[in-house]
Amino acid sequence: MPTIDFSIVRPYVGIPPNADPMVAVRLIRIDEPKKNVRALALVDSGADHCLFQSGLGERLGLDLDDLPVVTGRTAGGRIEIPVCRLKVELLHQVFECQVGFLDEERLKHNLLGRQGIFDQIQLGFRESRLEFYFRWEP
Amino acid sequence: MAQENLRLAPRVTQDATRKLAEVVGLPGADTFHFTSGAPVYTTLQIIQATVLWEKPMERETAPPEQDEVEWLHAHPEVWTQYAGQWVALTRDGICASGDDLNTLFERAEECGAQDPIVFRISASEGPKFYAND
């Protein structure tokens with residue numbers, strides 16, 4: 007019988023009232039690694055991409071108006087999203103992926119989406135304990 | 119060298135010496151102990167074994183944000199207390215809050231926070247992500 011081996015177990019922050027799983031990450035500019043910021047992000051397998059609140063992009067010194075945009079599909083329709091390739095550090099592991107930015111009025115929580123993160127790790131939840139199970143293999 | 123061995127010896131348990139035998143492939147670890155006075159292992163070998171033995175997997179992989187996450191676990195009131203604000207979290211708790219990130223980082227620096235985790239707590243419940251166009 008196949009077995010799943012998750013090598014790392016960590017608690018996550020469960021946001022009330024539904025204990026939505028949040029983890030701490032560090033966003034790092036690829037061209038200027040000294041420009042980085044730590045934030046909480048929701049682990050969201052329903053999100054295609056990583057999305058972060060615009061203020062964090064500005065904190066990294068990014069000119070969001072000058073970034074290339076992609077058209078995102080949201081619950082409310084289509085929207086232009088500025089994107090930038092960044093390093094995302096999660097539990098000591100660093101992933102390079104495309105990150106989009108939206109203002110906090112539209113983006114309630116930062117999101118860790120599938121592309122760039124989920125496709126590089128194995129991940130499980132034990133919600134009754136607010137725990138993640140990770141394995142650093144695709 | 120012998121003095122160094124003696125100084126390090128109290129830190130090395132019999133279990134660690136067994137681990138040392140596994141690591142360096144030396145025989146006789148099951149019966150060896152430092153009180154015998156036999157200088158079997160070099161200082162470097164003892165250090166290697168001690169480090170390997172005393173550094174459990176949990177410490178090797180524990181992320182730097184572990185304390186902050188555990189603090190948030192213990193303080194769920196934060197989510198209502200700071201609703202609508204940006205907050206800066208350190209291992210000692212919320213050190214600053216503000217309506218915008220610039221204000222937040224100014225306040226965080228004033229309280230000595232070097233590298234806080236910052237996040238915005240939504241003012242109200244609702245969809246996590248929605249377009250406003």
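Protein chains in written order, with the working numbering: chain A, 7 to 144; chain B, 119 to 251. All C-beta atoms in this analysis are idealised placements derived from N, C-alpha and C, irrespective of residue type, glycine included. Bear in mind that the values here come from a model prediction, so they are computed numbers and not experimental data.
Going by the CB atoms, is the gap between residue j and residue i shorter than 8 Å?
i, j, result
"B/Leu219", "B/Trp197", "no"
"B/His191", "B/Gly211", "no"
"A/Arg35", "A/Leu66", "yes"
"A/Pro144", "A/Gln126", "yes"
"A/Leu108", "A/Leu48", "no"
"A/Gly63", "A/Ile87", "no"
"A/Leu73", "A/Val89", "yes"
"A/Gln104", "A/Trp142", "no"
Using the beta-carbon count (16 or more within 10 Å), is residue i buried or exposed?
i, result
"B/Cys229", "exposed"
"A/Ser134", "exposed"
"A/Ser13", "exposed"
"A/Asn24", "exposed"
"A/Ile10", "exposed"
"A/Pro39", "exposed"
"B/Glu224", "exposed"
"B/Met175", "For B/Met175, the predicted structure reports a pLDDT of 38, less than 50, and the residue's modelled location is therefore unreliable. The matter cannot be settled from this model."
"A/His55", "buried"
"A/Pro22", "exposed"
"B/Ala201", "exposed"
"B/Thr208", "buried"
"B/Val187", "buried"
"A/Arg132", "exposed"
"B/Asp233", "exposed"
"A/Val43", "buried"
"A/Gly78", "buried"
"B/Arg238", "buried"
"B/Gly216", "buried"
"A/Gly130", "exposed"
"A/Met28", "buried"
Tell me which residue opens and which closes the alpha helix (DSSP H) that residue i is part of.
i, result
"B/Trp189", "Gln184 to Ala192"
"A/Ser60", "Ser60 to Arg65"
"A/Ala30", "Premise fails: A/Ala30 lies in the beta strand (DSSP E), Asp26 to Arg35, not in any alpha helix (DSSP H)."
"B/Arg225", "Leu219 to Glu228"
"A/Gln121", "That residue, A/Gln121, is in no alpha helix (DSSP H); it is neither H nor E in DSSP."
Pull up the CB-CB distance for residue i and residue j, whole angstroms please, since I reckon it's below 8 Å.
i, j, result
"A/Ala30", "B/Val236", "Their Cβ separation, rounded to whole angstroms, is 10 Å, which puts A/Ala30 and B/Val236 out of contact at 8 Å."
"A/Gly119", "A/Asp50", "6 Å"
"A/Ile128", "A/Phe140", "Checking the sequence shown, residue 128 of chain A turns out to be Gln, not Ile. At roughly 7 Å, the Cβ-Cβ gap stays under 8 Å, so A/Gln128 and A/Phe140 are in contact."
"B/Cys213", "B/Ala231", "5 Å"
Which residues bound the beta strand (DSSP E) around residue i?
i, result
"B/Ala214", "Gly211 to Gly216"
"A/Glu102", "Gln99 to Leu108"
"B/Trp197", "First-last for B/Trp197: Val196 to Gln199, but that is the alpha helix (DSSP H), not the beta strand (DSSP E)."
"A/Glu133", "Element bounds for A/Glu133: n/a, residue is neither H nor E."
"A/Ala47", "Asn42 to Val49"
"A/Ala53", "A/Ala53 -> no beta strand (DSSP E), and no H or E assigned at all."
"A/Gly83", "Gly83 to Leu96"
"B/Ala206", "Trp204 to Thr208"
"B/Arg238", "Ile235 to Arg238"
"A/Ile21", "Val19 to Ile21"
"A/Arg112", "Segment: none, A/Arg112 is in no beta strand (DSSP E) and carries neither H nor E."
"A/Thr148", "With chain A represented from 7 up to 144, any question about residue 148 of chain A goes unanswered, as that position is not in the structure."
Would you call the stretch 109–126 of chain A and the stretch 54–74 of chain A in contact, with 3 or more CB pairs under 8 Å? The stretch 109–126 of chain A makes contact with the stretch 54–74 of chain A, as at least three CB pairs between them are under 8 Å.
Are there three or more Cβ pairs, one per stretch, closer than 8 Å when the stretch 70–88 of chain A is compared with the stretch 16–25 of chain A? Judged by pairs of C-beta atoms under 8 Å, the stretch 70–88 of chain A does not touch the stretch 16–25 of chain A, as fewer than three such pairs exist.
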